[in-house]
Amino acid sequence: MKSNAVLFWIFLFFLSGCIPQGFADTLSLDLQREGIVGTGIRALGMGGAFVHIADENPAYYNPAALLETKHYKLTNNSAFLFKPGYIAGNSSLLRINERIFFSLSIANDSPVNYIYTLMGGYVLPFGESSTLGLSGKTKIISSDVGMGCDIGLIGKSPLFNAGIMVQDLMVWMGNKQEPVYIKLGIGFTPFELPVVLRPLSINLQGDFAWFLQTGNFDLRKLRIGIENTLFRDVLSVRMGYIFSPPDMYSLTAGAGLRLKHLSLNYAYTGSVYDTSHWFSVNFYFWPKTPEEIARDRQKREISGAEVKKVEIEEPGKIRKAGIETGVVQIPEKEFKSSKDLYIELLTTKLELEKLKVYTLEMEKALNEARAEIEKLKYSQSKELAEIRRKLPEEILTSTTEKELILTLSSDALFVSDSFALKIESRSLLDRIAAVLMEYPAYRINVEGHTDNMGSEEKNLSLSLLMAGEVAGYLMKKGLSEKRFGTITGQGSKKPVDSNLSEAGRAHNRRIEIIIYQ
1 MKSNAVLFWI FLFFLSGCIP QGFADTLSLD LQREGIVGTG IRALGMGGAF
51 VHIADENPAY YNPAALLETK HYKLTNNSAF LFKPGYIAGN SSLLRINERI
101 FFSLSIANDS PVNYIYTLMG GYVLPFGESS TLGLSGKTKI ISSDVGMGCD
151 IGLIGKSPLF NAGIMVQDLM VWMGNKQEPV YIKLGIGFTP FELPVVLRPL
201 SINLQGDFAW FLQTGNFDLR KLRIGIENTL FRDVLSVRMG YIFSPPDMYS
251 LTAGAGLRLK HLSLNYAYTG SVYDTSHWFS VNFYFWPKTP EEIARDRQKR
301 EISGAEVKKV EIEEPGKIRK AGIETGVVQI PEKEFKSSKD LYIELLTTKL
351 ELEKLKVYTL EMEKALNEAR AEIEKLKYSQ SKELAEIRRK LPEEILTSTT
401 EKELILTLSS DALFVSDSFA LKIESRSLLD RIAAVLMEYP AYRINVEGHT
451 DNMGSEEKNL SLSLLMAGEV AGYLMKKGLS EKRFGTITGQ GSKKPVDSNL
501 SEAGRAHNRR IEIIIYQ
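Its first residue numbered 1, the sequence shown is counted upward by one per residue in the numbering used here.
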């Protein structure tokens with residue numbers, strides 16, 4: 001709570017500095033449309049080629065990227081352009097749930113023009129690697145008010161990312177209809193780079209303007225950008241190039257620092273006309289706890305499962321062909337008309353009484369069996385909880401009715417791009433083995449998982465080798481080979497997060513140790 005309070009006061013300090021003092025530069029068209037908030041300092045450092053990534057400021061760059069920010073419920077972005085005067089803006093994005101967001105921004109593009117934008121949006125995932133985002137917005141520029149909507153799409157394949165954003169549909173400012181902006185972007189990561197450069201991405205984007213009143217369709221900008229992340233996404237360096245027909249261009253460069261609740265971004269832009277220095281501060285409030293993330297993952301894994309219940313018939317009743325049969329009443333005179341029939345009916349009645357007693361006994365036995373099953377479930381659940389408490393706190397755990405699942409990051413366990421265990425990771429496996437030795441009645445499955453980078457054949461092989469390495473190490477520490485049920489490699493078939501970002505891919509690279517009876 002104290003850390004959130006400190007971040008909140010820092011956020012108010014930056015917000016208080018957002019008093020427009022205005023300064024135009026070669027990127028004035030972007031500033032006039034969305035303000036400095038929509039320009040995006042991280043994106044600017046890589047030339048603005050960002051529509052297919054958009055994991056920062058998704059409300060402006062592409063609402064389809066909303067799922068990439070799902071681990072935080074509130075984000076805030078304060079951006080500045082430093083000159084003799086400066087342009088500033090502030091944007092806040094609130095997540096109602098994983099698919100719905102609201103955003104409010106205040107910015108300026110000159111000493112007299114203020115830009116206020118209120119947005120609400122919804123994102124819809126479809127398929128395994130594609131998302132569609134829709135947002136509606138109200139924009140106020142000085143005294144003019146306009147309403148419109150944006151539509152975005154992001155798709156992912158093992159070779160590249162692609163995105164499209166249709167922006168400012170049906171926006172009227174005053175009595176003038178704004179053009180529709182269409183942005184197309186693609187990015188890919190070369191596979192033959194050295195390991196230290198492996199996170200490097202190359203990104204291309206084209207910006208087009210469609211004037212609905214005249215039907216003109218113009219190319220506004222071509223953008224090229226590269227970004228390389230270092231130290232597990234803590235530090236980023238960027239370069240970019242922006243060309244605006246017929247003869248305007250800008251070279252850009254930037255850097256970013258990403259911490260747990262805060263990120264800092266800097267961008268430099270230069271052309272034959274002027275140079276500019278841009279800076280932004282992003283705050284991330286109220287992150288999801290590991291338990292919430294684990295619950296979300298568990299919901300995805302068990303969604304669609306059906307639980308079948310066994311219904312017991314009411315005692316003393318027989319059902320045949322869907323017809324309920326109870327006590328048959330027959331007049332006494334009919335019994336006397338036929339001795340054989342009378343005896344047969346008595347026999348039937350006796351059999352019915354026996355069946356009733358048998359049904360009651362079966363119901364009693366069934367209730368006792370249910371009670372015993374519940375007792376066993378409680379005992380098993382209690383033991384799984386004890387195992388969970390004895391494990392190291394840094395291990396992410398989740399439980400089902402009959403299983404305890406331990407999730408270990410492959411990046412923490414293995415040397416990069418191999419299945420060799422790190423020396424420092426062995427102490428963690430030693431502690432897991434020591435706890436499991438105390439509960440010999442429980443069996444163990446080990447599953448390896450990867451992200452979707454590279455071929456599926458390679459991912460399946462690597463995930464199996466990693467699972468085998470962990471299982472083999474646990475056996476060396478005293479766990480009997482007979483306790484291991486399955487040791488499998490799942491490749492990228494069972495992701496727990498989106499593969500559209502490095503952070504999501506890191507979550508998917510994991511080892512799961514499943515403990516059960």
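Beta carbons are placed, not taken as given, at the ideal position from N, Cα and C, and that holds for glycine.
This one's a predicted model, so the numbers in the text were calculated from it and none came from an experiment.
Once you ignore the five residues that flank residue i on each side, which residues in its own chain have a CB closer than 8 angstroms to its CB?
| i | result |
| --- | --- |
| D411 | R232, A506 and R509 |
| S455 | P158 |
| T189 | R198, P199, L200, S201, I202 and M453 |
| A441 | Q517 |
| L7 | Reliability fails at L7, whose pLDDT of 48 lies under 50, so the model's placement of it is uncertain and the value that follows must be treated cautiously. Only H261, L262, F283 and F285 meet the Cβ criterion. |
Bridge partners for residue i per DSSP, in chain order?
| i | result |
| --- | --- |
| I581 | With the chain represented from 1 up to 517, any question about residue 581 goes unanswered, as that position is not in the structure. |
| N367 | None; N367 has no bridge partner. |
| N76 | S92 and F283 |
| Y516 | E403 and R443 |
| D144 | I141 |
| K156 | N161 |
| D150 | S135 |
| Y181 | Q167 and A209 |
| K458 | In DSSP, K458 forms no bridge with anything. |
Anyone know if the C-beta pair for residue i and residue j falls short of 7 angstroms?
| i | j | result |
| --- | --- | --- |
| Y122 | R99 | yes |
| F101 | L66 | yes |
| I41 | S280 | yes |
| P179 | F208 | no |
| F50 | Y60 | no |
| W278 | L124 | no |
| R522 | R483 | Past the boundaries of the shown model lies residue 522; the chain is included only from 1 to 517, so the question cannot be answered. |
| G47 | R220 | no |
| T450 | S463 | yes |
| A467 | G491 | no |
| L391 | A433 | no |
| T138 | L118 | yes |
| F419 | E469 | yes |
| I164 | L134 | no |
| W286 | K73 | yes |
| S250 | I242 | yes |
| L413 | S398 | no |
| I511 | G448 | yes |
CB-CB under 7 angstroms to residue i, same chain, minus the five flanking residues each way: which ones, in chain order?
| i | result |
| --- | --- |
| I387 | L404, V435, Y439 and I515 |
| Q213 | Q177 |
| A503 | D233 |
| T486 | N445 |
| P495 | N508 |
| S263 | G256, L257 and N282 |
| D497 | G504, H507 and N508 |
Report the three-state DSSP secondary structure of residue i (helix, strand or coil).
| i | result |
| --- | --- |
| D497 | coil |
| G491 | coil |
| K477 | coil |
| N129 | Per the sequence presented here, residue 129 reads as Ser, with Asn not at that position. In this structure, S129 counts as coil in the three-state DSSP scheme. |
| G485 | strand |
| T189 | coil |
| I524 | Summary: the structure shown does not reach residue 524, with the chain confined to residues 1 through 517, and so no result is reported for it. |
| V470 | helix |
| V357 | helix |
| I343 | helix |
| L464 | helix |
| E351 | helix |
| G504 | helix |
| E372 | helix |
Apart from the five residues on each side of it in sequence, which residues of its chain come closer than 6 angstroms, Cβ to Cβ, to residue i?
| i | result |
| --- | --- |
| V171 | G146, G148 and E178 |
| A162 | H52, G155 and I186 |
| A253 | M239 and Y268 |
| N265 | I41, R42, G256 and S280 |
Of all the beta strand (DSSP E) runs that stay within the bounds of the stretch 196-276, which reach a length of 3 or more residues? 201-210, 217-230, 235-244, 248-258 and 262-270
What runs of the beta strand (DSSP E), each 3 residues or longer, lie entirely inside the stretch 90-126? Counting only runs of at least 3 residues, the stretch 90-126 fully encloses the following beta strand (DSSP E) elements, listed from N- to C-terminal order: 100-108 and 114-126.
So within the stretch 377-443, which uninterrupted alpha helix (DSSP H) runs reach at least 4 residues, ignoring any that extend past its ends? 410-413 and 426-437
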